[in-house]
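S.K.:
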Amino acid sequence: MKATVWGCRGSLPSPGPEKDKYGGNTSCVQIEHNDTCLVLDGGSGIQRLGAALGTNYKEVHILLTHLHIDHTMGLGFFLPLYNPNLEIHIWGPATTIESLTQRLRRYFSPPLFPVRLSELPSEPVIHEISNSEFTIGSLKINSSYVCHPGPTLAYRISDGQSDIAYMPDHEVSLGSSNFPNEPEWTSGFNIANGVDLLFHDSQYKTEEYASRVGWGHSSIGDSVNFARMCKVKNLQLFHHDPMHTDDSLDALIDEYKAENMTPFKMEMCAEGSVFIL
Ligand SMILES: [Zn+2]
Ligand SMILES: [Zn+2]
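Residue numbers (this note's numbering): 30 to 306.
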């Protein structure tokens with residue numbers, strides 16, 4: 030399995046010379062295995078992915094964690110959606126209030142966007158999922174609702190040899206009454222337990238999180254505690270705050286590593302990173 034990071038910024042695209050190392054595009058990770066191509070979230074990073082995709086695949090599956098704008102804003106600029114010869118599937122969380130198609134139509138309609146969902150030449154197939162297990166090509170997918178404002182899924186992807194968990198927006202300390210104890214009662218544990226590679230929300234410094242409880246995101250410390258609980262092999266700290274520059278992200282992880290030992294690899298995720306599992 031191959032994972033390519035096309036965007037790992039949280040909340041708002043924030044390019045600039047002070048963000049060159051970790052990147053300014055919002056959430057988008059591509060997973061490839063044999064003839065299967067998954068795109069995790071449609072943040073602004075999906076635009077470059079679309080341009081790079083070429084004719085490598087006849088079928089592309091976009092898996093949305095949720096409908097917040099930083100995870101959907103790139104969809105209209107994903108060129109494969111305008112290719113009638115491509116088969117495109119969009120998967121995302123079900124709600125009790127409104128269908129996924131209706132929620133996607135809000136984005137794909139004026140005045141927000143000039144092209145309507147029904148006018149896309151690829152005629153994407155929409156799939157609603159919840160706490161689900163399903164197969165796409167050669168990959169097995171598990172989805173589960175996790176703690177974040179509005180219905181939000183996390184994904185676990187397995188090729189039978191390796192497992193990747195993708196949880197860009199997750200306030201894990203509110204996802205349990207006794208965090209970081211009682212793993213089986215913790216939001217997202219079933220998704221991340223024992224994975225080889227975990228992309229996890231770590232938007233805030235510990236001191237920032239204190240005034241942002243309930244906003245839906247985790248501190249780096251909570252993210253590490255969750256990774257330790259799940260015994261992951263590689264933690265990629267994801268969904269960087271748009272205010273955090275390369276220098277501040279470097280200082281944050283250096284400071285954390287100086288004070289804490291972790292039994293797994295841990296890095297600030299950087300746009301452009303490629304992982305081969
Ligand atoms: Zn987000
Ligand atoms: Zn969100």
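Idealized CB from N, CA, C, for every residue including glycine. Computed from a predicted model, the values in this text were never measured in an experiment.
Let's test the definition: count the other Cβ atoms within 10 Å of the Cβ of E162 and tell me whether it reaches 16, buried, or not, exposed.
M.R.: exposed
S.K.: Any heavy atom of ligand 1 closer than 7 Å to the beta-carbon of G39?
M.R.: yes
S.K.: Using only the alpha-carbon positions, how far apart do C66 and L104 sit?
M.R.: 16 Å
S.K.: Quick check: the region 252-269 against the region 297-304, are at least 3 beta-carbon pairs closer than 8 Å?
M.R.: At 8 Å Cβ cutoff, the stretches touch.
S.K.: Which whole-angstrom value is the C-beta distance of D70 and L96, which I expect to be below 8 Å?
M.R.: Not really, about 10 Å apart at Cβ, beyond 8 Å.
S.K.: Is T181 buried or exposed, if buried means 16 or more other CB atoms sit within 10 Å of its CB?
M.R.: Around the CB of T181, 16 or more other CB atoms lie within 10 Å, so the residue is classed as buried.
S.K.: Along the beta strand (DSSP E) that carries E173, what are the first and last residues, could you check?
M.R.: Reading the sequence as shown, one finds Ser at residue 173 and not Glu. First-last of the beta strand (DSSP E) with S173: 168-174.
S.K.: Among L203, I220, A287, Q76, whose alpha-carbon lies nearest the alpha-carbon of Y238?
M.R.: L203
S.K.: In the region 229-273, which residue ranges form an unbroken beta strand (DSSP E) of at least 3 residues, counting only runs that do not cross its ends?
M.R.: 263-267
S.K.: Measure from the alpha carbon of W214 to the alpha carbon of each residue in I282, C259, T124, then state which is nearest.
M.R.: C259
S.K.: Would you tell me roughly how many angstroms separate the C-alpha atoms of I165 and V154, rounded to the nearest one?
M.R.: 14 Å
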